[in-house]
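Chemist:
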Amino acid sequence: MNKRKLFSGGLLTGLLCLTAIAQSQEKIKFKEFTLANGLTVIMHQDKTTPIAAVSVLYHVGSKNENPERTGFAHFFEHLLFEGSENIGRGEFMKKIEGIGGTLNAYTTNDQTYYHEVVPSNYLETALYMESERMMHAKIDSVGVETQREVVKEEKRQRMDNQPYGSILIEVLKRAYQKHPYHWATIGSMEHLNAASLDEFMTFYKTYYVPNNAVLSIAGDIDYDQTEAWVKKYFDEIPKGQGEINRPHITEPKRDQEIRDTVYDNIQLPAVVEAYNLPRKDSPDSYALNMLSTYLAGGKSSLLNKEVVDKQQKAVQVVAMPLDLEDGGLFLFLGIANMGIQADSLEYAIDEQISKLQNQGITDSDFAKLKAQIENMVVNRFSSVAGIAESLAEAKVYYGHADEVNQEMKKYNQVTKADIQRVAKQYLVKNGRVVLHYLPKSTAQHQ
Amino acid sequence: MGLSYGQVDRSKYPEPGPAPEINIGNAETFTLANGLKVFVVENHKLPRVTYSLVLDRSPVYEGEKAGLTSFVGDMLMGGTQRRTKDELDEAIDRIGGSITFGSASASASSLTKYQDKLLTLFSDILLHPSFPQTELDKLKKQAISGLASEKDDPEAISDKVANVVLYGKDHPYGEFATEKTVANVQLTDVKTYYDTYFKPNIGYLAIVGDITKKEAEKLTNQYFGSWTKGDVKKIEWPVPAAPEKTNVVLVNRPTSVQSIVKVTYPLALKYNDPDALAAQVLNNILGGGSTGRLFLNLRERKGYTYGAYSTISPDKIVGNFDANASVRTEVTDSAIYQFLQELKRLDQNTITEEELASAKAVMSGRFGRSLEQPATIARFAINTELQELPQDYYKNYLKHLNEVSVAQLNSLAPKYSKPDNAYIVVVGNTDAFKDKLKPYGDIAYYTNTGEPEVKTAVQDASVTAEGVINNYLKALGGREKLQSVKSLKSVQEAEVQGMKITAALLVDQTKPVAVQTMKMGDQVLSKIIIHKDKATMEMKGQQKEAPAEMFQALKQTLTIFPELYYAANGAKVALDGIGKVNEEDAYKIIVTQPDGTKVVNYYSVSSGLKLKSTSTSIGEVEFGAYKDYNGVKLPIGSTINSPNMPVPLKMTVVEQEINPTLSVSDFE
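Protein chains in written order, with the numbering used here: chain P, 4 to 449; chain G, 93 to 760.
#1: What residue range is occupied by the uninterrupted beta strand (DSSP E) comprising residue 136/P?
#2: Establish whether the CB of residue 167/G and some CB of chain P are separated by less than 8 angstroms.
#3: Go to residue 426/P, then tell me how far its beta strand (DSSP E) extends in each direction, as first and last residue.
#4: On a Cα-Cα basis, can you pick out the residue from 384/P, 267/P, 57/P and 146/P that is closest to residue 122/P?
#5: Any Cβ of chain G within less than 8 angstroms of the Cβ of residue 112/P?
#6: Between the segment 48-60 of chain P and chain G, which residues of the former have a C-beta closer than 9 angstroms to a C-beta of the latter?
#7: On the DSSP letters alone, give me the boundaries of the beta strand (DSSP E) that residue 118/P sits inside.
#8: On a CA-only basis, which of 388/G, 282/G and 533/G is nearest residue 398/G? Give me that one, please.
#9: In chain order, what residues of the same chain have a beta carbon less than 6 angstroms from the beta carbon of residue 75/P, not counting five sequence neighbours either side?
#10: Quick test of the definition: if touching needs 3 or more C-beta pairs under 8 angstroms, does the segment 330-339 of chain P touch the segment 273-290 of chain P?
#11: Would you list the one or two residues that DSSP bridges to residue 417/G?
#12: Would a C-beta distance cut-off of 8 angstroms place residue 405/G and residue 386/G closer than the cut-off?
#13: Would residue 149/P count as contacting chain G if we go by Cβ distances under 8 angstroms?
#14: Compare the C-beta of residue 172/P with all C-beta atoms of chain G and state if any pair is closer than 8 angstroms.
#15: Is it the case that the Cβ atoms of residue 518/G and residue 352/G are separated by a distance below 8 angstroms?
#16: Short check: CB of residue 192/P to CB of residue 235/P, under 8 angstroms?
#17: How would you list, in chain order, the residues of chain P whose beta-carbon sits under 9 angstroms from the beta-carbon of residue 300/G?
#18: Whole angstroms is fine: what's the gap from residue 305/G's alpha carbon to residue 125/P's?
#19: May I ask which residues mark the beginning and end of the beta strand (DSSP E) holding residue 279/P?
#20: Please classify residue 528/G as buried or exposed, where buried requires at least 16 other C-beta atoms within 10 Å of its C-beta.
#21: So, is residue 478/G buried or exposed, given that buried needs 16 or more other C-beta atoms within 10 angstroms?
#22: Would you say residue 375/P lies against chain G (beta-carbon separation less than 8 angstroms)?
#23: Please classify residue 203/P: does DSSP put it in a helix, a strand, or coil?
#24: Between the beta-carbon of residue 289/G and the beta-carbon of residue 147/G, is there less than 8 angstroms?
#25: Just curious, the alpha helix (DSSP H) that residue 341/G is in, first and last residue?
#26: Say whether chain P places a C-beta atom closer than 8 angstroms to the C-beta of residue 580/G.
#27: Report yes or no: is there a C-beta of chain G within less than 8 angstroms of the C-beta of residue 26/P?
#28: Going by DSSP, which residues form a beta bridge with residue 496/G?
#29: Can you list the residues of chain G that residue 128/P reaches, using a CB-CB cut of under 8 angstroms?
#30: Can you name the start and end residues of the beta strand (DSSP E) that residue 201/G belongs to?
#31: Determine the closest residue to residue 150/P out of 200/P, 423/P and 313/P, with distance taken between C-alpha atoms.
#32: Considering only the beta carbon of each residue, do residue 356/G and residue 413/G sit closer than 8 angstroms?
#33: Quick one: what does DSSP say residue 102/G is sitting in, helix, strand or coil?
#34: Which value, in whole angstroms, describes the spacing of the CA atoms of residue 136/G and residue 298/G?
#35: Within 10 angstroms of the Cβ of residue 106/G, are there 16 or more other Cβ atoms? Answer buried if so, exposed if not.
#36: Taking all protein chains shown into account, do 16 or more other C-beta atoms lie within 10 angstroms of the C-beta of residue 662/G, making it buried, or fewer, making it exposed?
This is how it looks when you write it as structure tokens:
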């Protein structure tokens with residue numbers, strides 16, 4: 004199996020996971036209960052296919068890290084595949100594959116997420132394995148040393164060696180001066196090198212505890228039997244004792260633009276613009292998601308039509324809304340066409356944004372936008388794995404899993420005027436971060 | 093349930109429940125009067141519907157027009173007789189749907205409530221394309237940029253060269269597009285292709301989602317009923333055989349730090365072959381994933397690579413076996429050895445029951461999970477027709493998979509594991525390992541554009557590396573004359589997509605100092621000042637010191653004729669046969685500096701002049717014609733192919749002077 008695929012702890016993937024929005028109009032039915040140790044369990048039954056998705060969302064991401072030990076949360080995503088007291092080293096992957104299942108994990112600024120999809124007669128096996136991971140994962144020097152190397156390799160492949168791979172790192176460190184969103188999930192290799200085994204143990208005991216996790220199960224399951232198995236394997240795991248560090252830092256509002264140049268191994272210059280977003284659970288989030296689709300979703304979106312097709316200043320413009328728990332970023336990335344300067348591309352993007360702020364959007368564009376959002380909402384729930392993930396995230400970030408059934412309603416409440424209003428309110432030049440990515444080779448010709 | 097558990101036994105895995113019954117839904121089917129065969133898979137879970145069309149045509153040999161079929165899909169999407177491309181894009185987004193076309197396939201999807209609109213657009217594209225010339229011009233331009241970047245993409249090179257050696261350039265599976273063949277493609281070719289192959293009677297349309305058979309019948313008649321049928325000829329293509337003995341095929345890419353190693357051979361294996369399923373089990377054991385032998389050996393035990401895998405691909409004409417990995421340059425030969433060892437071992441009755449059980453679990457799990465997506469059922473229905481499978485093939489898939497035995501695999505192994513009849517294709521820094529590959533078979537060289545490279549040994553024993561370099565210096569004007577060149581000014585221009593780039597270089601060897609200025613139009617992009625110990629870059633008014641590795645490359649500009657100082661600097665030179673540079677015979681000289689950095693230069697056999705220079709830091713530079721400047725010859729043009737640039741840069745000298753009058757301010 005490709006490890007790159009497996010450990011999608013890298014930035015962009017995590018980011019995309021977070022930006023997936025919306026839910027189907029069809030109601031997602033679910034059952035929920037909480038164990039005495041604080042573990043929240045959500046179950047969704049869908050017997051169409053004899054498979055079951057099992058996932059555990061740990062509410063720990065890079066923002067919970069000690070600023071002197073960045074990269075811990077993501078490192079754990081690797082470490083916790085090493086095995087447990089009862090599961091041998093390397094057996095986690097082997098067992099799941101050997102029963103005909105598949106598994107994956109990723110880390111973001113806010114959470115670490117593990118999931119398996121197994122044939123439904125192996126549901127108990129998957130629950131047992133997740134309980135082992137939560138109860139007594141194997142954290143020893145062999146595992147730590149091995150995974151340090153793997154994480155370094157991952158950083159080389161996904162960030163250092165990837166064109167534009169450092170965007171999030173570069174943006175975050177400028178956009179957040181106080182809040183721990185300042186560093187990216189990959190963190191610092193020096194910090195990981197310096198960390199002792201004790202520190203890793205403490206992190207595990209603090210964050211990998213039932214009262215900091217949501218277990219979600221979706222697919223061909225029997226509610227009663229599933230609940231009984233969950234109790235069998237998870238009830239005996241003790242509640243966490245350590246204090247969970249949840250930063251209560253509000254990033255001060257900036258009134259200055261931050262502007263910089265980054266030289267990278269790229270062929271075409273790029274422009275990155277990042278604007279501050281409100282908290283993930285803000286009522287404006289829905290309007291902002293629609294704004295992002297209007298600007299850069301689909302072939303006929305504003306920036307694609309104007310900047311890519313008509314003016315041919317960019318080969319592509321993408322919007323990447325990073326909607327984080329404590330307030331994320333509205334990110335644009337424009338990659339310049341051959342021979343186009345970054346300045347010129349930036350001007351073209353800004354021109355469209357200010358046109359939108361001044362004139363708003365037309366009725367017909369608004370109708371188009373609603374159709375695109377609706378399509379996105381419906382497609383989100385095409386797999387039991389997707390449903391398990393949505394339910395867990397809704398529970399953690401909105402306080403109730405039923406939020407998945409509210410989203411279409413909330414999108415429908417957004418008006419045309421709201422789109423213009425949020426564009427004016429959030430896409431402000433004062434306080435944004437602008438980065439120009441330039442090829443190293445502009446200096447190295449001949 | 094209220095069950096209570098005592099001590100939970102955590103020492104072993106729980107017993108699984110009884111294996112669930114896997115139900116494979118049925119596809120309903122009907123055929124339109126024009127011959128279009130339709131499959132309907134009803135699934136009302138989500139309010140959406142997908143239409144997928146496949147045309148069952150024989151592979152097409154494109155020859156002088158190679159690249160044509162890659163344009164057909166985008167040309168269809170380029171506009172219809174009623175709608176421009178902009179109007180189409182807009183209308184598709186307006187319903188939040190998606191439509192794509194290929195040369196023998198198409199797909200359209202949307203929410204159910206928009207499906208009338210979706211089908212209006214889909215059938216308009218399918219039945220009334222306008223094929224605008226502007227779209228073809230744009231696509232050809234993009235294709236040529238794509239070919240340029242492929243020249244430096246090791247994976248693309250590896251695939252291209254593997255296909256050439258497997259099937260031959262005169263086979264549809266072996267041919268590939270070049271700048272020349274792309275330029276040959278005309279609008280009439282696209283139209284002729286469309287008129288020949290877009291016929292309903294060779295089409296299979298799968299409709300999946302929130303729809304009933306009755307609705308599907310009504311809608312397909314309404315939107316595709318007027319599509320007119322026509323004869324489409326079947327073409328028989330030869331079935332290439334595996335080579336009689338194993339061959340090594342090398343493509344030199346001096347900038348590589350990894351080698352892409354591929355062991356491949358053609359296989360006469362169709363999807364409906366009785367062996368097909370067992371062959372997949374066999375492959376799974378060898379290289380199917382993280383439990384495959386290749387992965388365990390090359391990655392887990394040896395640490396040569398991030399991953400090593402193999403595939404067996406059946407095909408209606410000719411299938412293939414392919415095992416590959418990207419490995420560190422230094423272990424290229426060891427990795428090849430392990431690949432071949434694993435192929436040999438597969439054929440030595442080594443397969444265990446445990447391996448078989450694990451492969452079956454992986455395959456049946458994948459099969460079971462795939463059924464979650466209703467599109468899978470449609471794919472099964474279409475494959476059954478296209479590949480002429482037994483009607484109950486997918487219904488019995490798991491049963492047949494379960495029946496595969498170790499004995500059966502052992503008896504199949506000799507047929508599918510062919511370490512002695514393979515092509516070993518390696519793309520990498522071949523100078524580092526080519527001598528170690530001789531034991532594996534005869535070596536042939538290919539270029540990064542997929543052409544065989546002609547290279548001959550030097551027959552004349554009196555030719556030495558030192559002699560070639562002396563000849564070169566003589567051809568330029570002689571040592572003495574060249575030593576009198578203390579400074580140089582050279583201004584060159586290139587055009588990149590309509591924009592003019594100017595590069596000016598000033599060198600004063602006596603200081604030594606050099607200045608390199610890059611301009612686009614009138615705007616200065618960068619200015620670099622190079623000294624003996626460091627280089628300063630100025631970009632957009634910001635100054636900074638060049639990083640060490642860049643400085644190593646820049647430092648070379650301080651020496652106008654590096655060949656003059658090879659001996660004095662302790663550089664080692666070695667003659668490595670005669671190669672060709674643009675049809676011209678050239679001596680290949682490998683220069684190794686005392687710090688280990690390598691440059692490979694090619695000097696013309698006839699004129700003695702330098703034709704090409706390649707190195708890891710700069711890439712590849714080809715020199716054009718030379719001109720005399722006061723008794724010293726200098727090139728007046730060059731083509732630079734650097735890993736840092738998306739397309740090759742063709743530079744032309746506009747001004748060049750030796751020992752010009754320079755002032756101090758020139759170097760500030």
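Backbone N, C-alpha and C define an ideal beta-carbon position, used for all residues, glycine too.
Modeler: Taking the definition as stated:
#1: Taken as a continuous stretch (DSSP letters only), residue 136/P belongs to no beta strand (DSSP E), being part of the alpha helix (DSSP H) at 126-139.
#2: Chain P contact via Cβ: absent.
#3: Residue 426/P: not part of any beta strand (DSSP E); member of the alpha helix (DSSP H) spanning 419-429, first to last residue.
#4: Checked all of 384/P, 267/P, 57/P and 146/P; the closest Cα to residue 122/P is 57/P.
#5: Not closer than 8 angstroms to any Cβ of chain G, the Cβ of residue 112/P fails to qualify, so no.
#6: Legend: CB atoms of the segment 48-60 of chain P lying less than 9 angstroms from CB atoms of chain G belong to residues 49, 51, 52, 53 and 54.
#7: 115-122 is the extent of the beta strand (DSSP E) around residue 118/P.
#8: When C-alpha distances from residue 398/G are compared across 388/G, 282/G and 533/G, the shortest belongs to 388/G.
#9: Within the same chain, 68 and 206 come within 6 angstroms of residue 75/P by CB-CB distance, once the 5 residues on both sides are set aside.
#10: Judged by Cβ distances under 8 angstroms, the segment 330-339 of chain P makes contact with the segment 273-290 of chain P, as three or more pairs qualify.
#11: Secondary-structure assignment with DSSP links residue 417/G through a beta bridge to 353/G and 400/G.
#12: Going by C-beta atoms, residue 405/G is not nearer than 8 angstroms to residue 386/G.
#13: It does not: the Cβ of residue 149/P has no partner Cβ on chain G nearer than 8 angstroms.
#14: Closer than 8 angstroms: no.
#15: By the CB criterion at 8 angstroms, residue 518/G and residue 352/G fall inside the cutoff.
#16: The answer is no: Cβ separation not under 8 angstroms.
#17: Ordered by position in chain P, no residue passes the 9 angstroms Cβ test against residue 300/G, which lies about 11 angstroms from the chain.
#18: Straight across, the Cα-Cα distance linking residue 305/G with residue 125/P is about 36 angstroms.
#19: Annotation for residue 279/P: the continuous beta strand (DSSP E) segment containing it runs 273-279.
#20: It is exposed - the Cβ of residue 528/G has fewer than 16 other Cβ atoms within 10 Å.
#21: Of the other Cβ atoms in all chains shown, fewer than 16 fall within 10 Å of the Cβ of residue 478/G; this residue is therefore exposed.
#22: For residue 375/P, the nearest beta carbon of chain G is closer than 8 angstroms to its own beta carbon.
#23: DSSP, read as helix, strand or coil, puts residue 203/P in helix.
#24: The beta carbons of residue 289/G and residue 147/G sit closer together than 8 angstroms.
#25: Element bounds for residue 341/G: not the alpha helix (DSSP H) but the beta strand (DSSP E), 339-344.
#26: Residue 580/G does not count as touching chain P.
#27: Here the model assigns residue 26/P a pLDDT of 33, short of 50, so the residue's position is not dependable, and the following value carries that caveat. For residue 26/P, the nearest beta carbon of chain G is not closer than 8 angstroms to its own beta carbon.
#28: Partner(s): none; residue 496/G has no beta bridge.
#29: Within 8 angstroms Cβ-Cβ: 105, 106 and 108.
#30: Residue 201/G -> beta strand (DSSP E) spans 197-203.
#31: Comparing Cα positions, the closest option is 200/P.
#32: Less than 8 angstroms separates the beta-carbon of residue 356/G from that of residue 413/G.
#33: Residue 102/G falls in the coil class under three-state DSSP.
#34: Those two C-alpha atoms are separated by around 16 angstroms.
#35: Buried.
#36: Counting the other CB atoms within 10 Å of its CB gives residue 662/G a total below 16, which places it among the exposed residues.
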